[in-house]
Structure formats: C-alpha cells, structure tokens
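Asker:
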Amino acid sequence: MQNRVIFCLAVILCVATAPTQGEYYSESVAAVPMQQKVTKLHFFLHDILSGQNPSAVMVAHANLTDGDKSPTPFGSVFAVDDALRVGPESNSEIIGNAQGLYVSSSQDANNFAIVMYIDFALTSGEFKGSSFSVFSRNPVSEPSRELAVVGGRGKFRMARGFAELKTAYFNGTTGDAIIEYNVSLFHY
Ligand SMILES: *[C@@H]1O[C@H](CO)[C@@H](O)[C@H](O)[C@H]1NC(C)=O
Ligand SMILES: *[C@@H]1O[C@H](CO)[C@@H](O)[C@H](O)[C@H]1NC(C)=O
Ligand SMILES: *[C@@H]1O[C@H](CO)[C@@H](O)[C@H](O)[C@H]1NC(C)=O
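Just so we're aligned: the sequence shown equals residues -22 to -1, 1 to 166 in mature numbering (1 follows the signal peptide of the UniProt record, and there is no 0).
(1) Considering only heavy atoms of ligand 3, list every residue whose Cβ is less than 5 angstroms from one of them, following chain order.
(2) Per DSSP, what kind of secondary structure is Leu27 in: helix, strand or coil?
(3) Look at the Cβ atom of Val128, then the Cβ atom of Arg115, and state whether they are nearer than 8 angstroms.
(4) Inspect the beta-carbon positions of Ala38 and Asp25 and report whether they are closer than 8 angstroms.
(5) Have a look at residue 177 and Gly(-1) and give me their C-alpha separation to the nearest angstrom.
(6) Using the beta-carbon of each residue, find all residues closer than 5 angstroms to any heavy atom of ligand 2 and list them in chain order.
(7) Could you round the C-beta distance between Thr101 and Gly65 to whole angstroms and report it? I think they count as a contact, below 8 angstroms.
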C-alpha cells in the first residue's frame, strides 16, 4: 500500500517536472528511495590471444616497444570479445561475453597490470540481455584481486559493485588467460 502511494507520487512528480518544450532540463527533485538488491555471479573469462581465432587482439602499441618479446608490452591496447563460461575448460557452456578494451598499464614488467574498460553481457538465463560495466585497474600478477563495477544495463541498470578475481590459467608466452570471477552487483 505504502509502495503504491510512493509510486503514484513518483509518477506525479515525474509528469509534473518533465522538461517542457523549449527547455532542455527538468526541475531537480528528490529521487524516491528504492530497495536495493544484490545479485552474485560466478563464471570464468577466457581471454585468448593465440591461435587462428583470438578473442583479444592488439589494436595499438607504442613504437618504443617494437620488437618487445612480451605479448602485452607497456602501452599496448587490446580490443576484446572474451567468452564468459561456467567453467575453466575451453568447451564449457558460454553464458555471456565481455566486450571492450584493456590497456597494458604498468611500466614495471614484474608487476604486470592492465586497466579494463569492459562491458560484461549475459546471454542466457535470468539476466540475458543485461550487462554490467567494469572500469578498473587489474593488477594481473597478484594471485587474487578486485575490480570496480561502475554501472549496468537492463536488469543491472544503475548497478554498482565489485568483482573478485583469481587466475585459473595463464601462459606468459602467449598471454592466454582464464580468470575466475565472483561478482557482487548491487542494483534495483
Ligand atoms: C614509428 O615507427 C615507424 C616505423 O619505424 C616510423 O615510420 C614512425 O615515424 C614512428 N613514429 C613515431 C611517432 O615515432
Ligand atoms: C568464488 O566463490 C567461491 C565460493 O565461495 C570460492 O570457492 C571461490 O574461491 C571464489 N573465487 C574467487 C575468484 O573469489
Ligand atoms: C604456452 O603456450 C605455448 C605456445 O602455445 C606452449 O608451447 C606452452 O606449452 C604453453 N605453456 C603453458 C604453461 O601452458
């Protein structure tokens, strides 16, 4: 009952304050507080640089690193469309994909780190069509680490949260990596 009253009030306020023609903004009003939900996700991201069909490709690198033996020299930028799978096996079920960019951001080769600008979308189950956005440093050489979730789409609209990561597999020659994710999403 109380919820319905608040909802009606919210609708009236929104209608009353929608931008009128000739004005590009509405009057700012207090937002109606909504109950937050938490959703946890568990999956493995498969970031594959090697082979005929890589899921991560270098799209730019610094001249300075021409001839660098590392698969991910400082300053290199990768575009990714990585599979999200339920397990670490390369044939386990796909439940989504991670699309975006990461940049190799550490000058210290012993402390390899990237910064990720990546949208994680789910393609099956309850959250099919929804995604959450990561904009975060990822100190890859640390065994366990945390990423910031800064937003979301669909059922994850307005999401915030964090992802806990552990490396399940890493090949320093090819750069191929399989990463376990536990994601906690706070959304409405
Ligand atoms: C980068 O390297 C290429 C080829 O060696 C050269 O033609 C170009 O001028 C260099 N660019 C810069 C900004 O140094
Ligand atoms: C994710 O959570 C599960 C269950 O609590 C735990 O076994 C696993 O180690 C966690 N993985 C990461 C990367 O935090
Ligand atoms: C890394 O990849 C290379 C090239 O495919 C392969 O020869 C090597 O065995 C791999 N190393 C590990 C630890 O999987």
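By construction, the Cβ of each residue, glycine as well, lies at the ideal position given by its N, Cα and C atoms.
Answerer: According to the data block:
(1) Per the Cβ criterion, the list is Asn149, Thr151 and Thr152.
(2) As a position in the sequence shown, residue 27 is number 49, starting the count at 1. Of the three classes helix, strand and coil, the one that applies to Leu27 here is coil, per DSSP.
(3) Taking the first residue of the sequence shown as position 1, residue 128 is located at position 150. Taking the first residue of the sequence shown as position 1, residue 115 is located at position 137. It is not a contact, given that the beta carbons lie outside the stated cut-off.
(4) Taking the sequence shown and counting its residues from 1, one reaches residue 38 at position 60. Taking the sequence shown and counting its residues from 1, one reaches residue 25 at position 47. Result no, Cβ atoms of Ala38 and Asp25 do not sit closer than 8 angstroms.
(5) As shown, the chain starts at -22 and ends at 166. That puts residue 177 outside it, with no answer to give.
(6) Glu142, Lys144, Glu158 and Asn160
(7) Working through the sequence shown from its first residue, we reach residue 101 at position 123. Working through the sequence shown from its first residue, we reach residue 65 at position 87. With 8 angstroms as the limit, Thr101 and Gly65 do not qualify as a contact, their Cβ atoms being about 16 angstroms apart.
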